[in-house]
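Start counting the sequence shown at 153; every next residue gets the next number (this note's numbering).
Just so you know, even glycine gets a beta-carbon here, dropped at the ideal spot from N, CA and C.
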Amino acid sequence: MYQNLLFDWSGTLVDDLPPTLYATNAVLSDHGVAPMEREEFRARFRLPYPEFYAEVLPGVPVSEVEDTFRSAFRESPQQVTVLPHAREMLEWASEQGIRCFVLSSMDVELFTHQAEAFGLISHFEKIYAGVIDKREKIGGILTDHSLEKNVTAFVGDMVHDIETAHHGGVSSVAVATGYDPVPRLEKAQPTHLCDDLLRFREMLV
Ligand SMILES: [Mg+2]
Numbered sequence: 153m154y155q156n157l158l159f160d161w162s163g164t165l166v167d168d169l170p171p172t173l174y175a176t177n178a179v180l181s182d183h184g185v186a187p188m189e190r191e192e193f194r195a196r197f198r199l200p201y202p203e204f205y206a207e208v209l210p211g212v213p214v215s216e217v218e219d220t221f222r223s224a225f226r227e228s229p230q231q232v233t234v235l236p237h238a239r240e241m242l243e244w245a246s247e248q249g250i251r252c253f254v255l256s257s258m259d260v261e262l263f264t265h266q267a268e269a270f271g272l273i274s275h276f277e278k279i280y281a282g283v284i285d286k287r288e289k290i291g292g293i294l295t296d297h298s299l300e301k302n303v304t305a306f307v308g309d310m311v312h313d314i315e316t317a318h319h320g321g322v323s324s325v326a327v328a329t330g331y332d333p334v335p336r337l338e339k340a341q342p343t344h345l346c347d348d349l350l351r352f353r354e355m356l357v
């Protein structure tokens, strides 16, 4: 049984793929690059996201991309929604006394706006947002909060999340509700691969 859960945000607790795609296409269009369809984006997008931008917009500084991205994200006709079972997962974890954290690459400003609007902030002991490379951060988080590796798991929807868990020496829980397709998640060898957070919670009880 896990006593500590680190959660990714996008694709794990919330569905922000529509506004992310919208904002990415705004950035691409700004630089005269054709927009991507959802599946092309899912196939090509990866974390740390500067690697993705280096591939699709070579030579364009990431700092330049971020401003356009942030404002287009806000203007997107389709907004962010809480994923099914996410709220219940966090409420259940709180009831069980499981310590919860967020470790996300999402821009701090966008993250804070969403987490406050959805009323989810109180579930987290500490939030780490705007982390470009989560692998470089996880060790410090485990140390700072005295989290024992054998009872800690990182829950996420991308290969980078699984690699981050491996890097930190904690268990990894891949959820199939987000950006990376299941075959790609499988290849990264997560400790658990779950359809969604309900399946993960069922596994824990
Ligand atoms: Mg994610």
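| query | result |
| --- | --- |
| Distance between beta carbons of Thr164 and Gln347, contact taken as under 8 angstroms | Before going on, a small fix: residue 347 reads as Asp here, not Gln. In fact, because the Cβ distance is near 13 angstroms, the residues do not count as touching under 8 angstroms. |
| Closer than 8 angstroms: Asp347 CB and nearest ligand 1 heavy atom | no |
| Exposure label - Arg222; buried when at least 16 CB within 10 Å | exposed |
| Rounded distance between the beta-carbons of Pro333 and Arg370, thought under 8 angstroms | There is no way to answer for residue 370, as the model of the chain reaches only from 153 to 357. |
| Supposed contact pair Thr343 and Val357 - C-beta distance, whole angstroms, cut 8 angstroms | Actually they are not in contact, since the Cβ atoms of Val357 and Thr343 sit about 17 angstroms apart, beyond 8 angstroms. |
| Cβ pair count under 8 angstroms reaching 3, the segment 265–272 against the segment 292–311 | no |
| Residue from Glu207, Lys289 and Val166 with nearest C-alpha to Leu272 | Val166 |
| Val208 versus Glu288 - alpha carbon distance | 24 angstroms |
| Range covered by the alpha helix (DSSP H) that runs through Thr295 | Arg287 to Asp296 |
| Cβ-Cβ distance between Gly281 and Asp259 below 9 angstroms | Note on identity: in this sequence residue 281 is Ala, with Gly being the wrong assignment. In this structure, Asp259 lies closer than 9 angstroms to Ala281 by Cβ. |
| Extent of the continuous alpha helix (DSSP H) to which Tyr339 belongs | Note that residue 339 is Lys in the sequence shown here, rather than Tyr. Val334 to Lys339 is the extent of the alpha helix (DSSP H) around Lys339. |
| Ligand 1 heavy atom lying under 8 angstroms from the CB of Tyr331 | yes |
| Residues near Pro171 in its chain [Cβ-Cβ closer than 7 angstroms; skip 5 each side] | Phe225, Ser228, Gln230, Gln231 and Val232 |
| Distance CB(Val254)-CB(Trp161) smaller than 9 angstroms | yes |
| beta-carbon Ser223 near ligand 3 non-hydrogen atom, thresh 8 angstroms | This structure simply doesn't include ligand 3; it includes ligand 1 instead. |
| Best match in Glu191, Val185 and Leu180 for proximity to Val217 [C-alpha to C-alpha] | Leu180 |
| Asn302 classed as buried or exposed, judged by whether at least 16 other C-beta atoms fall within 10 angstroms | exposed |
| With 16 other Cβ atoms within 10 Å as the buried cut-off, status of Val307 | buried |
| Host alpha helix (DSSP H) of Tyr205 (start-end) | Tyr201 to Val208 |
| Pair within 9 angstroms by beta-carbon distance, Ser246 and Ile284 | no |
| Ranges of the beta strand (DSSP E) found wholly within the segment 304–338, counting only runs of at least 3 | 304–308 and 323–327 |
| Candidates Glu261, His183 and Ser274: closest to Glu243 by CA position | Ser274 |
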